[in-house]
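For the sequence shown, this note's numbering gives the first residue as 75, with consecutive numbering after it.
Glycine included, each C-beta is placed from N, C-alpha and C at the ideal position.
Reviewing the structure listed below.
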Amino acid sequence: MKPSRMLLALIIASNCLSGAAFLAPAAARPATRPHQSARDEERTGEQNLINLLSPVLGNGKAPPPSPQSYAYIGDVVYELLVRTSLLYPLKKTNDYHTMVVDSVRAEFQSEILKRLMGGCGDFELDEEELMVIKRGRNSVKRPPSRFGETNTAEIYQDSTSLEALIGYLYLKEPEGIRCKQVLDFVRREVLEKVEDS
75 MKPSRMLLAL
85 IIASNCLSGA
95 AFLAPAAARP
105 ATRPHQSARD
115 EERTGEQNLI
125 NLLSPVLGNG
135 KAPPPSPQSY
145 AYIGDVVYEL
155 LVRTSLLYPL
165 KKTNDYHTMV
175 VDSVRAEFQS
185 EILKRLMGGC
195 GDFELDEEEL
205 MVIKRGRNSV
215 KRPPSRFGET
225 NTAEIYQDST
235 SLEALIGYLY
245 LKEPEGIRCK
255 QVLDFVRREV
265 LEKVEDS
């Protein structure tokens, strides 16, 4: 991922997960500052990061994004979540990279989606979220060539579905409880995978 894309993803995910509390051990966390009030924003012309990174809808009557667009945003948020979750304790760059790559592979994302839909989370997916997953799955026409002989298209469909759900929840309500619940579930799954390996 390009550095500028990673920076954007870092800002998105950190806002979605209520700041950087999950990024570092308690001793390494910076002291929190109170958020700027709306009046301060108006006076200084500054916006909070969540507003700054939210899509601009123009007249407010924009059609909903496509499942591929949801998956595109979800991919960035998911990868940033994995990278930040695995950052501490600090490790050799190559080891860190290997852990991240193993956790962002479609095969692992497929496992996460199956566990999420199987009721392993602390919550149940609602009808709207299940529809986003279905639309994400149906948006996959042909998986990449690496899914040819050894893997099935179902793995790639599951991966795209999970990314679409994450993108949908982030765009719908970045600071909302559902976005946090799903991302927290994903983070726990990633950390459990790393502990088991």
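Expressed to the nearest angstrom, what Euclidean distance is found between the alpha-carbon atoms of residue i and residue j?
{"i": "Ser-219", "j": "Leu-164", "result": "34 angstroms"}
{"i": "Ile-207", "j": "Val-151", "result": "16 angstroms"}
{"i": "His-171", "j": "Arg-157", "result": "9 angstroms"}
{"i": "Glu-263", "j": "Gly-193", "result": "13 angstroms"}
{"i": "Val-256", "j": "Ala-145", "result": "15 angstroms"}
{"i": "Glu-203", "j": "Leu-265", "result": "24 angstroms"}
{"i": "Gly-148", "j": "Tyr-162", "result": "23 angstroms"}
{"i": "Asn-125", "j": "Ala-136", "result": "17 angstroms"}
{"i": "Met-173", "j": "Asn-122", "result": "32 angstroms"}
{"i": "Lys-166", "j": "Lys-267", "result": "19 angstroms"}
{"i": "Leu-160", "j": "Gly-195", "result": "20 angstroms"}
{"i": "Tyr-244", "j": "Asp-169", "result": "29 angstroms"}
{"i": "Arg-209", "j": "Arg-216", "result": "15 angstroms"}
{"i": "Ala-227", "j": "Glu-153", "result": "21 angstroms"}
{"i": "Ser-213", "j": "Glu-269", "result": "33 angstroms"}
Determine the DSSP secondary structure at residue i, reduced to helix, strand or coil.
{"i": "Thr-226", "result": "coil"}
{"i": "Pro-248", "result": "coil"}
{"i": "Tyr-146", "result": "helix"}
{"i": "Val-151", "result": "helix"}
{"i": "Arg-179", "result": "coil"}
{"i": "Asp-169", "result": "helix"}
{"i": "Phe-197", "result": "coil"}
{"i": "Leu-127", "result": "helix"}
{"i": "Ala-238", "result": "helix"}
{"i": "Val-214", "result": "coil"}
{"i": "Leu-29", "result": "Given a span of 75 to 271 for the chain in the structure shown, any question on residue 29 remains unanswerable."}
{"i": "Leu-164", "result": "coil"}
{"i": "Ser-219", "result": "helix"}
{"i": "Ala-105", "result": "The predicted position of Ala-105 is uncertain, since its pLDDT is 36 and thus under 50; a value taken from the coordinates is nonetheless stated next. Of the three classes helix, strand and coil, the one that applies to Ala-105 here is coil, per DSSP."}
{"i": "Ser-271", "result": "coil"}
{"i": "Pro-138", "result": "coil"}
On a Cα-Cα basis, can you pick out the residue from the options that is closest to residue i?
{"i": "Ser-143", "options": "Arg-211, Leu-155, Cys-194", "result": "Arg-211"}
{"i": "Met-205", "options": "Ser-140, Glu-153, Asn-122, Ser-271", "result": "Ser-140"}
{"i": "Asp-258", "options": "Tyr-230, Ser-271, Leu-190, Glu-228", "result": "Leu-190"}
{"i": "Ser-128", "options": "Glu-247, Val-174, Lys-267", "result": "Glu-247"}
{"i": "Phe-197", "options": "Ile-229, Ile-251, Tyr-230", "result": "Ile-251"}
{"i": "Lys-254", "options": "Pro-138, Leu-155, Ser-271", "result": "Leu-155"}
{"i": "Ile-229", "options": "Ala-136, Pro-137, Glu-185", "result": "Glu-185"}
{"i": "Pro-138", "options": "Val-268, Leu-160, Asp-200, Tyr-242", "result": "Tyr-242"}
{"i": "Ser-271", "options": "Leu-245, Asp-176, Ala-227", "result": "Asp-176"}
{"i": "Asp-200", "options": "Ser-213, Leu-239, Val-214", "result": "Leu-239"}
{"i": "Leu-187", "options": "Arg-261, Pro-217, Arg-216", "result": "Arg-261"}
Legend entry - the segment 227-241 / the segment 175-186 touching (three or more Cβ pairs under 8 angstroms): yes
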